[in-house]
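To start, the structure itself, in structure tokens.
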Amino acid sequence: MKKLVISTLFVMQVLFVFAQTTTGITGKVVDSKSQKPLQSVVAAIQNTSLTVLTDANGVFTFKDAPKGSQLVQIKSTGFKDQLLSVDVEDGKMLDLGVVVLEEDITSEQQLSLITITENDLGDDNSGSESTSGLLQASRDAFQQAAAFNWGQARFRVRGLDNEYGTTMINGVTMNKIYDGRPQWSNWGGLNDATRNQEFTTGSGPSDYTFGGILGTQEINTRASIYRKGSRISFSGTNTNYSWRTMATHASGMSTSGWAFVVSASGRWAKEGYFEGTDYDAKALFASVEKKFNDHHSLNFTSIYSENSRGKSSPNTAEITRLAGVKYNSYWGWQDGKKRNSRDKEVNEPILMLTHYWKMSDKTNLNTSVAHQFGKIGNSRLAYQGVNNPDPTYYRNLPSYYTSAYNPDDYTDFLGDDPANVAAGISAASNFLAHKQIDWDNLYNTNRGSSDGHSAYILYEDRTDDKVWTANSVLNSQLADNINMNAGVTFRNLKSHNFASVLDLLGGQYFDDKNYFTNTADQQQSDLNNPNRTVVVGDKLAYNYNLSANTIDAFTQFKFTYKKVDFYLAESFTRTQYQREGLYKNGVYPTNSFGKSNTYLYENFGFKGGLTYKISGKQFLNFNAAYMTKAPSLRNVFPNARINDNISVGLQSENVTSGDASYIIKAPKFKSRLTAYYSNIKKGTETSFFYGEGVFLDDGGDGGDAFVAETLSNVEKQNIGLELGMEYQITSTIKLSLSGAYGENTYNNNPDVSLNNDNLATPTNTNPVADFGQAHLKGYRLGGGPQTAASFGIEYRDPKFWWIGANANYIADNYLNISSLLRTDNFYRNPLDLEGLSFPEITPERAKELLTQEKFDDFYLLNVTGGKSWKVGKQTFGFFASINNVLDVTYKTGGFEQSRKANFREVNQDVSSGTPAFAPKYFYGYGRTYFLNLYINF
Numbered sequence: 001m002k003k004l005v006i007s008t009l010f011v012m013q014v015l016f017v018f019a020q021t022t023t024g025i026t027g028k029v030v031d032s033k034s035q036k037p038l039q040s041v042v043a044a045i046q047n048t049s050l051t052v053l054t055d056a057n058g059v060f061t062f063k064d065a066p067k068g069s070q071l072v073q074i075k076s077t078g079f080k081d082q083l084l085s086v087d088v089e090d091g092k093m094l095d096l097g098v099v100v101l102e103e104d105i106t107s108e109q110q111l112s113l114i115t116i117t118e119n120d121l122g123d124d125n126s127g128s129e130s131t132s133g134l135l136q137a138s139r140d141a142f143q144q145a146a147a148f149n150w151g152q153a154r155f156r157v158r159g160l161d162n163e164y165g166t167t168m169i170n171g172v173t174m175n176k177i178y179d180g181r182p183q184w185s186n187w188g189g190l191n192d193a194t195r196n197q198e199f200t201t202g203s204g205p206s207d208y209t210f211g212g213i214l215g216t217q218e219i220n221t222r223a224s225i226y227r228k229g230s231r232i233s234f235s236g237t238n239t240n241y242s243w244r245t246m247a248t249h250a251s252g253m254s255t256s257g258w259a260f261v262v263s264a265s266g267r268w269a270k271e272g273y274f275e276g277t278d279y280d281a282k283a284l285f286a287s288v289e290k291k292f293n294d295h296h297s298l299n300f301t302s303i304y305s306e307n308s309r310g311k312s313s314p315n316t317a318e319i320t321r322l323a324g325v326k327y328n329s330y331w332g333w334q335d336g337k338k339r340n341s342r343d344k345e346v347n348e349p350i351l352m353l354t355h356y357w358k359m360s361d362k363t364n365l366n367t368s369v370a371h372q373f374g375k376i377g378n379s380r381l382a383y384q385g386v387n388n389p390d391p392t393y394y395r396n397l398p399s400y401y402t403s404a405y406n407p408d409d410y411t412d413f414l415g416d417d418p419a420n421v422a423a424g425i426s427a428a429s430n431f432l433a434h435k436q437i438d439w440d441n442l443y444n445t446n447r448g449s450s451d452g453h454s455a456y457i458l459y460e461d462r463t464d465d466k467v468w469t470a471n472s473v474l475n476s477q478l479a480d481n482i483n484m485n486a487g488v489t490f491r492n493l494k495s496h497n498f499a500s501v502l503d504l505l506g507g508q509y510f511d512d513k514n515y516f517t518n519t520a521d522q523q524q525s526d527l528n529n530p531n532r533t534v535v536v537g538d539k540l541a542y543n544y545n546l547s548a549n550t551i552d553a554f555t556q557f558k559f560t561y562k563k564v565d566f567y568l569a570e571s572f573t574r575t576q577y578q579r580e581g582l583y584k585n586g587v588y589p590t591n592s593f594g595k596s597n598t599y600l601y602e603n604f605g606f607k608g609g610l611t612y613k614i615s616g617k618q619f620l621n622f623n624a625a626y627m628t629k630a631p632s633l634r635n636v637f638p639n640a641r642i643n644d645n646i647s648v649g650l651q652s653e654n655v656t657s658g659d660a661s662y663i664i665k666a667p668k669f670k671s672r673l674t675a676y677y678s679n680i681k682k683g684t685e686t687s688f689f690y691g692e693g694v695f696l697d698d699g700g701d702g703g704d705a706f707v708a709e710t711l712s713n714v715e716k717q718n719i720g721l722e723l724g725m726e727y728q729i730t731s732t733i734k735l736s737l738s739g740a741y742g743e744n745t746y747n748n749n750p751d752v753s754l755n756n757d758n759l760a761t762p763t764n765t766n767p768v769a770d771f772g773q774a775h776l777k778g779y780r781l782g783g784g785p786q787t788a789a790s791f792g793i794e795y796r797d798p799k800f801w802w803i804g805a806n807a808n809y810i811a812d813n814y815l816n817i818s819s820l821l822r823t824d825n826f827y828r829n830p831l832d833l834e835g836l837s838f839p840e841i842t843p844e845r846a847k848e849l850l851t852q853e854k855f856d857d858f859y860l861l862n863v864t865g866g867k868s869w870k871v872g873k874q875t876f877g878f879f880a881s882i883n884n885v886l887d888v889t890y891k892t893g894g895f896e897q898s899r900k901a902n903f904r905e906v907n908q909d910v911s912s913g914t915p916a917f918a919p920k921y922f923y924g925y926g927r928t929y930f931l932n933l934y935i936n937f
């Protein structure tokens, strides 16, 4: 017995000594409302690789923590981060006691943001969006301002398109192969289900991918990481939809190793903010995980989001002056209801199976297989042998008369003649009386046909994609201060593209012919089936497949030291494209049907970065990247609907970027000041339009033609500054200040070529004319403001209510310019067979006509607030916001029209004072509200 006691005392002494010599940090994390422990909360010691998760009791423990002053970050989705300053003593375990996490209001602000960004769904069949705002901002003050306050003005972070960022779900890239942009609508309305997100900024390191120069967004849908519980919410707004309801349930991990999450939502509106913009969307989400043991888990995720919405038209200043900012020419009355002719429908379900393999305590391998399929449709009217049904067709407007010149004497202005003035006044009256699509007239015209032929039909441009993706991502801690990330991804796309008849509008059939061509054969959409007539559900006009295979791999090494952290990464990508024509087009009989050549691109990338730790709270961060990027499938085959020709001068892009930041992270004060630079060379852009006076007039048409324009060897340069600051004045009051200044410009004079189908022959299968260089260097890039500033104040009461306000300044937004107008062709007289310039040209007038329009600067005031209550085990709450409180009218973008394509025609149009082909503009929302009511239980 005596030996047993002595032995026991000896063991206890050893344990006591061991406990004393352990240098570490521990604490317990609880919910501020329920005071219940929070499991799977991330605790990290800043500037180290030390990260742990809380257990079922909410407890986290760091063993062997570095001694001295440290910053401990506590974070979990749906809660505000806590940043705690601590002093760790050698040989002691520091107990932080209870750490309380409060609900993060930005999770509700996200709901408001989505109603804004979804309105920018692209109008082409890519189905993806070109807006730059992230659907959920990171906790960086600048990113929050860019998304929540500047996003409504279509602000682009660093002036970059979304194709230069990477969006992932469970490590699977969701950017479309067709144009490189993500399709937000594929998971629209599933806010609760997609809240678990990680972000990187710029070319910074991601654990999942090499990424681009805009940053990465990783959405994690693993069922076991969702906080257990249920949530029901109901929202009202006056943006692009009116009402939304959502319900979500997360089971948490059961003792048998199962976890599941289900979520569903619906959004709808008879009419959104702009006239005639109906909205109907439904979404379903399910994620199921089976944990087999501590090393293996399998997770299945399914996402279904069906979205249908009516589009709104861009309008000239003349139309806006007559009909107002909310005017939309795409709709008309039918049977007492508003019917939009241009609906966009997106329905592309996602199925994903992910295997999580914890190979050891320091190595994880995640492997996913995903399949996405479905359709994207864009409807519009087609017509044959009758007047254009568009109420804003230029011949219907006053400017058609008041901008007139004598065709035989270019100096003879006729727009002020009494007859034309009277005709203009009459046109204004007629427009206001008939400013919407006359559906009844379309039906009556078709029903009046003697043989049942429809002169008007409604059809849709369809894209049916099938995408298979397989990827694996390895994360391994090679040493205490070295981490490795590596991954490989394979993607296969088969994209079926065609036009389909939706509605014969009272007729019985439609001719599948193009009557704008020269010969009977050229009129045929498919020479293999000539003189076709089509009915509802039939394909017409074009029919082809696009296929792509991509393989990309990356490795990344991250090194962590006491004063310096740095990383190095490299990537390799192999991309293969092919077109298969299913119709033998009459204009291109030899190069439209069958499979094209295969086009292969091999690309690489290198990037690296360094963080110098001035102290535990101050850092200098540097990132640099160089990569080549394959042209998008869209730009490889610019006229894919009718031939398999590829773009002139097509090359892989060369992308260079760098940034430098000064960062402060303290418990009460956080800031980041960043200077950035990016340069993108050898880019390609395509567009389609009808141009007057483009070519030499050898057919009596003044050189007019419908053309496909390719802009190649494009170089763009973006430089600027970003500032984000937050200061917690008291426990209840926080101030924020953010700013952005950019100079985003064309940095060279790219090459312009035009494809004119009228010049195609069996021996000229690629009728492309070289128009030389477009003098674009120094012009600003359009697409969003390049200067923005925001000042915000937020009050958060201990009794769980809060209110905030942000004052914003938006500036330096420019009109998208026409490349064709900046070529030497602009000065050539199409009536002069020697191609001489117009005699009336002066350098001063030419400069005036080609000066890029800058939109007016403006201010926006946004107000947010909310309250929550704890009643038993349930939490009730609401979130409310009012954006643009002062109801400011502002332009978010626009573009020059290229129809008037030479100096004389542009000069006449502008000089008239009422140009018929003036720029078209997009406008932002006026005063809007968003109210969300929710219950958590």
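With my numbering, letter number 892 in the sequence shown gets 892, and the count goes up by one each step, no holes. Just so you know, even glycine gets a beta-carbon here, dropped at the ideal spot from N, CA and C. Keep in mind it's a predicted model, so treat the numbers as computed, not measured.
8 angstroms Cβ cutoff, residue i in contact with chain C
i: K375; result: The structure shown contains no chain C, having only a single protein chain.
Residue i versus the options, residue with shortest Cα-Cα distance
i: N936; options: V72, R267 and K228; result: K228
i: I680; options: I213, T363, N420 and D409; result: I213
i: G306; options: V262, Q183 and A404; result: The displayed chain sequence assigns Glu, not Gly, to residue 306. Taking only the C-alpha atoms, the option nearest E306 is Q183.
i: D416; options: L351, T363, Y561 and A404; result: A404
i: D751; options: N293, T686 and A269; result: T686
i: F566; options: T573, Q874, F557 and Y273; result: F557
i: N938; options: S254, N475 and Y921; result: Any answer about residue 938 is impossible in this case: the structure gives the chain only from 1 up to 937.
i: N597; options: Q618, L546, P667 and E348; result: L546
i: M725; options: L933, L754 and S671; result: S671
i: L478; options: G877, D451 and K362; result: K362
i: T48; options: Y612, W258 and S790; result: Y612
i: R634; options: D644, L735 and T628; result: D644
Counted within 10 angstroms of its Cβ, other Cβ atoms place residue i as buried (16 or more) or exposed
i: A283; result: buried
i: E840; result: exposed
i: E318; result: buried
i: Q874; result: exposed
i: N240; result: buried
Beta-bridge partners of residue i, as assigned by DSSP
i: E726; result: K670 and S736
i: W331; result: N340
i: G236; result: W243 and L931
i: T316; result: K920
Reduced DSSP category for residue i - H, G, I as helix; E, B as strand; rest coil
i: L160; result: coil
i: N813; result: coil
i: F820; result: It should be noted that the sequence gives Leu, not Phe, for residue 820. L820: helix per DSSP, three-state reduction.
i: W150; result: coil
i: A145; result: helix
i: L931; result: strand
i: Y601; result: strand
i: F431; result: helix
i: A553; result: strand
i: K847; result: helix
i: G424; result: helix
i: E905; result: helix
i: G926; result: coil
i: A193; result: coil
i: F559; result: strand
Exercise for review: Would you check if the region 150 to 162 and the region 767 to 786 touch, i.e. whether three or more CB-CB distances between them fall below 8 angstroms?
Suggested key: yes
Check your understanding: With contact counted as at least three CB pairs below 8 angstroms, one residue from each stretch, are the region 571 to 579 and the region 516 to 529 in contact?
Key -> no
Practice item. Report yes or no: do three or more beta-carbon pairs, one from the region 334 to 347 and one from the region 274 to 291, lie closer than 8 angstroms? Key: yes
Check your understanding: Would the region 21 to 36 and the region 92 to 101 be scored as touching if the rule is three or more Cβ pairs under 8 angstroms?
Key -> yes
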